[in-house]
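**Q** Please see the structure below; I have some questions.
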Amino acid sequence: MPRHDGGEKPQRSCLACRETRDRDRLIRFVLSPQGEVVPDLDAKLPGRGAYTCIDAACLAAAVKQRQFGRAFKREVAVPTPDEMTAQVAKLLLERVMGYIALANKAGKIVAGGSMVGDALKSKNKPGLVLVARDVSEAIGEKIAAQAAGNNVPCRWVLTKDDFGALLGKAPRSAIGIKSSGFVVQLLKTIERYRNFLGEVQ
Numbered sequence: 001m002p003r004h005d006g007g008e009k010p011q012r013s014c015l016a017c018r019e020t021r022d023r024d025r026l027i028r029f030v031l032s033p034q035g036e037v038v039p040d041l042d043a044k045l046p047g048r049g050a051y052t053c054i055d056a057a058c059l060a061a062a063v064k065q066r067q068f069g070r071a072f073k074r075e076v077a078v079p080t081p082d083e084m085t086a087q088v089a090k091l092l093l094e095r096v097m098g099y100i101a102l103a104n105k106a107g108k109i110v111a112g113g114s115m116v117g118d119a120l121k122s123k124n125k126p127g128l129v130l131v132a133r134d135v136s137e138a139i140g141e142k143i144a145a146q147a148a149g150n151n152v153p154c155r156w157v158l159t160k161d162d163f164g165a166l167l168g169k170a171p172r173s174a175i176g177i178k179s180s181g182f183v184v185q186l187l188k189t190i191e192r193y194r195n196f197l198g199e200v201q
């Protein structure tokens, strides 16, 4: 692998499609002491790493083609393609939920469709709006239009019950994240999750 100077990011190749990308645009996998293939979303676990695109199709193909054994040059224990993609999707979704919970703990969340709407009309607009996937189309589109009209990013993720559980409240149709470092982290994490599901090209 060539060295990268001048601030260039290190690159790696996807086990399945062989496309080379910046390392932080891939998912890293390592071997556990028991020889099990383990996702390393933070890319911090010790040992040799193997990579796939942030794409369930690439991960499933890597498993089917037995690419992890070739990459680690030994026999490895790896779940089925469906199990592996479900495991990574769950971990990515947990990251999204974790950042929302942290933002709530820090007092950076406005919850509820009407509250988010009011916040979008105020001087201190939220930096990000999240709309529940299972909200009614009329309500969801209204909130999304309000966000767009105020140049605030809007993403559809989780459910009304998920929002409520994370905030310790009744179900909520939408939440607003006040401008803070949580906005950047959530946008990045949601993008990775949606990319993995094939929702973002």
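Numbering-wise (the UniProt record's numbering), the sequence shown opens with residue 1 and increments by one. All C-beta atoms, glycine included, are put in the ideal place defined by N, C-alpha and C. None of the values given here were measured: they were computed from a predicted structure.
In three-state terms, what does DSSP make of Cys154?
**A** Within the sequence shown, residue 154 is the residue found at index 154, counting from 1. Three-state DSSP puts Cys154 in a strand.
**Q** Counting along the chain, where does the beta strand (DSSP E) carrying Ala174 start and finish?
**A** The residue given as residue 174 occupies position 174 in the sequence shown. Per DSSP, Ala174 belongs to the beta strand (DSSP E) from Ala174 to Lys178.
**Q** Give a yes or no on whether the C-beta atoms belonging to Ala174 and Val131 are separated by under 8 angstroms.
**A** As a position in the sequence shown, residue 174 is number 174, starting the count at 1. As a position in the sequence shown, residue 131 is number 131, starting the count at 1. In this structure, Val131 lies closer than 8 angstroms to Ala174 by Cβ.
**Q** Would you mind reading off the limits of the alpha helix (DSSP H) that contains Asp162?
**A** Counted from its first residue, the sequence shown places residue 162 at position 162. First-last of the alpha helix (DSSP H) with Asp162: Lys160 to Leu167.
**Q** Can you have a look at Lys108 and say buried or exposed, based on whether 16 or more other CB atoms are within 10 angstroms of its CB?
**A** Walking along the sequence shown from the start, residue 108 turns up at place 108. Buried.
**Q** Leaving out five residues before and five after Gln201 in sequence, what residues of the same chain have Cβ atoms less than 8 angstroms from its Cβ?
**A** As a working note, residue 201 is residue 201 in the sequence shown. Residue confidence for Gln201 is low, a pLDDT of 46 falling below 50, so the modelled location carries little weight; the figure read from the coordinates is stated next. No residues qualify anywhere along the chain.
**Q** Can you tell me whether Ala126 is buried or exposed, with buried defined as 16 or more other CB within 10 angstroms of its CB?
**A** Numbered from its first residue, the sequence shown carries residue 126 at position 126. What sits at residue 126 in the sequence shown is Pro, not Ala. By the neighbour-count rule (16 or more Cβ atoms within 10 Å), Pro126 is buried.
**Q** Contact between the region 187 to 199 and the region 152 to 170 is defined here as three or more beta-carbon pairs at a separation below 8 angstroms; is this criterion met?
**A** The region 187 to 199 is in contact with the region 152 to 170.
**Q** Give every residue of the same chain whose Cβ lies closer than 6 angstroms to the Cβ of Val88, excluding the five residues on either side of it in the sequence, and list them in chain order.
**A** The residue given as residue 88 occupies position 88 in the sequence shown. Around Val88: Pro39.
**Q** Give every residue of the same chain whose Cβ lies closer than 7 angstroms to the Cβ of residue 207, excluding the five residues on either side of it in the sequence, and list them in chain order.
**A** The structure shown has nothing for residue 207, since the chain only spans 1 to 201.
**Q** Of the residues Ala138, Ser180, Gly117 and Val110, which one's Cα is nearest the Cα of Leu167?
**A** Locating residue 167 in the sequence shown gives position 167, where the first residue counts as 1. Comparing Cα positions, the closest option is Val110.
**Q** Taking the alpha carbon of Arg70 as the point to measure from, which residue in Leu92, Ala56 and Val37 has its own alpha carbon closest?
**A** Counting from one through the sequence shown, the residue named residue 70 turns up at place 70. Ranking the options by Cα distance to Arg70, first place goes to Val37.
**Q** Please report how far the alpha carbon of Gln65 lies from the alpha carbon of Phe72, in whole angstroms.
**A** Counting from 1 along the sequence shown, the entry for residue 65 is found at position 65. Counting from 1 along the sequence shown, the entry for residue 72 is found at position 72. Going by the C-alpha atoms only, they are around 14 angstroms apart.
**Q** For Asp5, which three-state DSSP category applies?
**A** Locating residue 5 in the sequence shown gives position 5, where the first residue counts as 1. At Asp5, the pLDDT of 49 sits below 50, so the modelled position is not reliable and the matter cannot be decided from this model.
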